[in-house]
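Residue numbers (the working numbering), protein chains in the order written: chain Z, 1 to 195; chain S, 196 to 390.
Ideal placement from N, C-alpha and C gives every residue a C-beta, glycine not left out.
Predicted model only: the values in this text are computed from it and were never measured.
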DNA sequence: ACCAAGCATGAACGATCGTTCAAGAATTAT
DNA sequence: ATAATTCTTGAACGATCGTTCATGCTTGGT
């Protein structure tokens, strides 16, 4: 491990993700990034092209980690709905203290950016659609084992989950731990449209 | 109306609100603001102290306008729940096309800022609590006229409304008009915990 | 051992950032 | 009419922004 080995792209993107996630696109400066990923400007631009290029790569990585996390939840239980609830607990409750920012990085990005960064904005929107499709797949699974009625619209339920997660994560961030998050998550599954 | 009349503070804060709301705190530069509010730096700093000072004043104004909007909805119908639904339609659906940004400015602010702007962050959180209290007051009204059962927890219902609005506004922004927002709003009121 | 190719370096660039302040114009008080 | 006060102006400041590129080091092939 010499002083000048080729940089570890995964590690770098990971660190960049954490910083971008915490501070957002605009408030994160290239000098901030240089510090946390321990690279000089020339190397960063050779590898990622621009501040936007690096950000885009963090969005991809963040999304893949989200998918992995959901799959990990899915493998911990035979109940697809329990997996969904476990996932919600992780991103809504645990993420408040263990993540760079309690909010979903994709939602934060869609919230922050305007048409001045059209590619990044679209990339974040697409990634959110991807996550919603993952939810839908889990819900379809729940239908095949009879955990959710077959006549329910899986797409609509996935959309519902997406809205609830987004709403709850934002709410958690505004209330500094005062909200009964676990109970609020339970209520999502106790009532229509799931039962 | 001479060239040098004292500036119209309300008009100025209004314009600043629109710009901050659209672009966020960090992406809005003082020069952007100078252009839209037609004031020179010296005047702005004499009147508002700093970029943060002006932003804080826009938060206050934005919140008051939100309260006014809810009261306006309340006066258009004898049903408190219908008023709430009308308010939701306005901020979730109409705001997508008619506002500087479909998201709630307060949520956007809480999402964007970190502890580097503690006062602004807290101000936005406080304003969201204020809005939630307004929702609660409407729900209590609904209980007094028997539109909502008395044994329901008005605070919990207000919290629920807050989460739904936040989730739906974010979702609307990510989907570019593809989501059945009106139907999703209806569902909030058709199912538990309101019925 | 040497060369060629690939990679990292960091000083420097022009642009823009938030902010200040000396100076002048407009208004109010006398 | 004049003085005192209030408000506006915009050039300028140091700091920082995203980005570039000439230079030198490291690595793999022979």
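Identify the contact partners of residue i in chain S, using a Cβ-Cβ distance below 8 Å as the criterion.
{"i": "residue 173/Z", "result": "305 and 306"}
{"i": "residue 166/Z", "result": "361, 362, 365 and 366"}
{"i": "residue 120/Z", "result": "Residues of chain S passing the Cβ test: none, with the nearest at roughly 12 Å."}
{"i": "residue 179/Z", "result": "354"}
{"i": "residue 107/Z", "result": "306, 365 and 369"}
{"i": "residue 125/Z", "result": "369, 370 and 371"}
What does the Cβ neighbour count give for residue i, buried or exposed, with the cut at 16 atoms within 10 Å?
{"i": "residue 236/S", "result": "exposed"}
{"i": "residue 96/Z", "result": "buried"}
{"i": "residue 160/Z", "result": "buried"}
{"i": "residue 3/Z", "result": "With a pLDDT of only 44 at residue 3/Z, under the threshold of 50, the placement of this residue in the model should not be trusted; the figure read from the coordinates follows. Burial call: exposed."}
{"i": "residue 1/Z", "result": "Since pLDDT at residue 1/Z reaches only 33, below the 50 mark, its modelled position is unreliable, and no value is offered."}
{"i": "residue 341/S", "result": "exposed"}
{"i": "residue 31/Z", "result": "exposed"}
{"i": "residue 204/S", "result": "exposed"}
{"i": "residue 6/Z", "result": "exposed"}
{"i": "residue 372/S", "result": "exposed"}
{"i": "residue 386/S", "result": "exposed"}
{"i": "residue 357/S", "result": "buried"}
{"i": "residue 65/Z", "result": "exposed"}
{"i": "residue 98/Z", "result": "exposed"}
{"i": "residue 379/S", "result": "buried"}
{"i": "residue 278/S", "result": "buried"}
{"i": "residue 266/S", "result": "exposed"}
{"i": "residue 46/Z", "result": "exposed"}
I believe residue i touches residue j by the beta-carbon criterion, under 8 Å. Please report the beta-carbon distance rounded to the nearest angstrom.
{"i": "residue 275/S", "j": "residue 337/S", "result": "4 Å"}
{"i": "residue 62/Z", "j": "residue 131/Z", "result": "Not a contact, Cβ separation roughly 10 Å."}
{"i": "residue 302/S", "j": "residue 363/S", "result": "Not really, about 11 Å apart at Cβ, beyond 8 Å."}
{"i": "residue 238/S", "j": "residue 170/Z", "result": "Going by Cβ atoms, the distance from residue 238/S to residue 170/Z rounds to 36 Å, so no, they are not a contact pair."}
{"i": "residue 60/Z", "j": "residue 37/Z", "result": "Not confirmed; about 16 Å, so no contact."}
{"i": "residue 218/S", "j": "residue 114/Z", "result": "6 Å"}
{"i": "residue 264/S", "j": "residue 282/S", "result": "7 Å"}
{"i": "residue 85/Z", "j": "residue 189/Z", "result": "6 Å"}
{"i": "residue 353/S", "j": "residue 330/S", "result": "4 Å"}
{"i": "residue 304/S", "j": "residue 319/S", "result": "4 Å"}
Show which residues of chain S have a CB atom less than 7 Å away from the CB atom of residue i.
{"i": "residue 22/Z", "result": "309"}
{"i": "residue 128/Z", "result": "369"}
{"i": "residue 162/Z", "result": "366"}
For residue i, which option in the options has the closest C-alpha, if you only look at C-alpha atoms?
{"i": "residue 246/S", "options": "231/S, 230/S, 255/S and 224/S", "result": "224/S"}
{"i": "residue 250/S", "options": "222/S, 262/S and 271/S", "result": "222/S"}
{"i": "residue 172/Z", "options": "231/S, 211/S, 361/S and 243/S", "result": "361/S"}
{"i": "residue 78/Z", "options": "33/Z, 144/Z and 102/Z", "result": "144/Z"}
{"i": "residue 181/Z", "options": "266/S, 371/S, 377/S and 351/S", "result": "351/S"}
{"i": "residue 174/Z", "options": "383/S, 267/S and 316/S", "result": "316/S"}
{"i": "residue 116/Z", "options": "152/Z, 15/Z and 25/Z", "result": "25/Z"}
{"i": "residue 210/S", "options": "378/S, 253/S, 382/S and 248/S", "result": "253/S"}
{"i": "residue 152/Z", "options": "139/Z, 124/Z, 163/Z and 162/Z", "result": "139/Z"}
{"i": "residue 53/Z", "options": "179/Z, 185/Z and 20/Z", "result": "20/Z"}
{"i": "residue 349/S", "options": "230/S, 304/S and 389/S", "result": "389/S"}
{"i": "residue 137/Z", "options": "67/Z, 45/Z, 94/Z and 119/Z", "result": "67/Z"}
Which chain Z residues sit within Cβ distance under 8 Å of residue i?
{"i": "residue 298/S", "result": "111"}
{"i": "residue 350/S", "result": "Within 8 Å Cβ-Cβ: nothing; residue 350/S doesn't reach chain Z, min ~11 Å."}
{"i": "residue 222/S", "result": "26, 112, 114 and 116"}
Which residues in chain S sit within 9 Å of residue i, going by Cβ to Cβ distance?
{"i": "residue 18/Z", "result": "What residue 18/Z touches in chain S: nothing, since even the nearest Cβ is about 13 Å away."}
Ends of the alpha helix (DSSP H) at residue i?
{"i": "residue 362/S", "result": "349-370"}
{"i": "residue 120/Z", "result": "118-144"}
{"i": "residue 96/Z", "result": "95-98"}
{"i": "residue 105/Z", "result": "105-112"}
{"i": "residue 34/Z", "result": "30-37"}
{"i": "residue 256/S", "result": "246-270"}
{"i": "residue 9/Z", "result": "9-23"}
{"i": "residue 277/S", "result": "275-284"}
{"i": "residue 190/Z", "result": "181-190"}
{"i": "residue 47/Z", "result": "41-48"}
Starting from the beta carbon of residue i, find every residue of chain Z whose beta carbon is closer than 9 Å, and list them in chain order.
{"i": "residue 347/S", "result": "None at all; the shortest Cβ gap to chain Z is about 13 Å."}
Compute every distance between the C-beta of residue i and the non-hydrogen atoms of the ligand GDP, then say whether any falls below 7 Å.
{"i": "residue 276/S", "result": "You won't find the ligand GDP in this model; it holds no ligand whatsoever."}
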